[in-house]
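The sequence shown maps to residues 1297 to 1549 in our numbering. Note that the Cβ used here is the ideal one computed from N, Cα and C, for glycine as well. In this text the structure is predicted, and so the values were computed from the model without any measurement. For reference, the structure discussed in these notes is given below.
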Amino acid sequence: QEDQLKHANYFTTNIECDQMNTADSVANKILLKIYGGIGDVLMCLPIIRKLSELHIVDIALRNADNSDIGEWTEEIIQYNPYVNNVYTWNYWTTHLSELRVYRKVVVYNPFPYDQEMFYAQPVHRIDLAAELMGVTDCKPHDINVHLTNDENVWAYNKLELIKNPVVIQPTVLRDPWPNNQGKQIPLEIYPRLFKDFPELTFIGIGTTKGNNGDGMDLGEWDNYIPFMDQTTIRQAISLLKWSKFHIIPDSFL
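What follows is the structure, encoded as structure tokens:
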């Protein structure tokens, strides 16, 4: 902490003479701090695109070292053409001397507004989040992780080798939170699907790591292929893109 304060004092002392920081400020650069995980980052993608029409956008993410899903959020915006720089929270807080002067700092944290509050008039989550960020006209179909050609080819080839593939994400959400009621498919449903539809091959994506992975072991079945912990988040999204059928709860994907 003492080292961080030294960096901060050094930065504060020299900021007025730092031509690069001055240029960054003139260039209308803003910092978007994203709190949350995969779902929040996915919903933020159309907002980032809109913000980029007005500003040069740098992003600070939550500290991946303290989260099972933090590093995945960084992968989601890895090739986003509307983002200038991406900083993990850990990097941001330990490299104070490399800070830039931003014309505006925007905190993307819609969770307390859209999951812990109730509104008299229904509002789409993405519209609510966009309003908080000061932009409008953000559409769900603008969610784009900009998959590479290699990622698309990988997923297409994987599914081509599997008979009647159905992508599933067997997951337990953050029990016992009341606001998760109705969001998840009971895990006992999946073995019944395997048994009742032997002509289909179910592909499980997700992770068994951390609290969000509890209860994902569905056992061994002739028509079930577990891909958990075997794909990146981008590969999982590629599989969803190229699958003809999928069963996904209101979850991280």
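Where DSSP assigns a beta bridge to residue i, which residues make up the other side?
i	result
G1500	I1464, P1522
D1354	L1327, N1381
K1459	K1459 is not bridged to any residue.
F1541	V1462
Y1404	I1330
Beta carbon of residue i, beta carbon of residue j: below 9 Å?
i	j	result
F1490	Y1520	yes
A1326	V1401	Correcting the residue identity first, residue 1326 is Ile in this sequence and not Ala. Closer than 9 Å, so yes.
T1369	V1337	yes
P1436	G1332	no
P1545	T1467	yes
Report all residues from its chain with a CB closer than 7 Å to the CB of residue i; omit the five preceding and five following residues, and keep chain order.
i	result
V1431	I1343, K1346, L1347
N1460	E1495, L1496, T1497
F1523	I1499, G1500, I1501
A1304	With a pLDDT of 48 at A1304, under the threshold of 50, the predicted position of this residue should be treated as unreliable, and no value is reported.
N1440	L1341
I1422	M1339, P1342, C1434, P1436
Using the Cβ count rule (16 or more neighbours within 10 Å means buried), how would you classify residue i?
i	result
P1494	exposed
K1454	buried
E1447	buried
R1488	exposed
Q1465	buried
T1390	exposed
D1513	exposed
L1350	exposed
I1485	exposed
D1354	buried
Y1415	exposed
S1457	The question names Ser, but residue 1457 is Leu in the sequence shown. By the 10 Å Cβ count, L1457 comes out exposed.
V1403	exposed
A1426	buried
Give me, in chain order, the residues of the same chain whose beta-carbon lies closer than 8 Å to that of residue i; leave out the 5 immediate sequence neighbours on both sides.
i	result
D1438	L1341, P1342, R1345
N1377	Correcting the residue identity first, residue 1377 is Pro in this sequence and not Asn. These residues qualify, in order along the chain: H1442.
Excluding the five sequence neighbours on either side, which residues of its own chain have a C-beta within less than 6 Å of the C-beta of residue i, listed in chain order?
i	result
A1451	S1534, L1535, W1538
W1517	F1490
V1554	Since the first and last residues shown for the chain are 1297 and 1549, residue 1554 lies out of range.
I1543	I1464
Original post:
Residue ranges of each alpha helix (DSSP H) run of no fewer than 4 residues wholly in the stretch 1416-1462, ordered along the chain?
Top reply: Listed in chain order, they are 1421-1429, 1445-1456.
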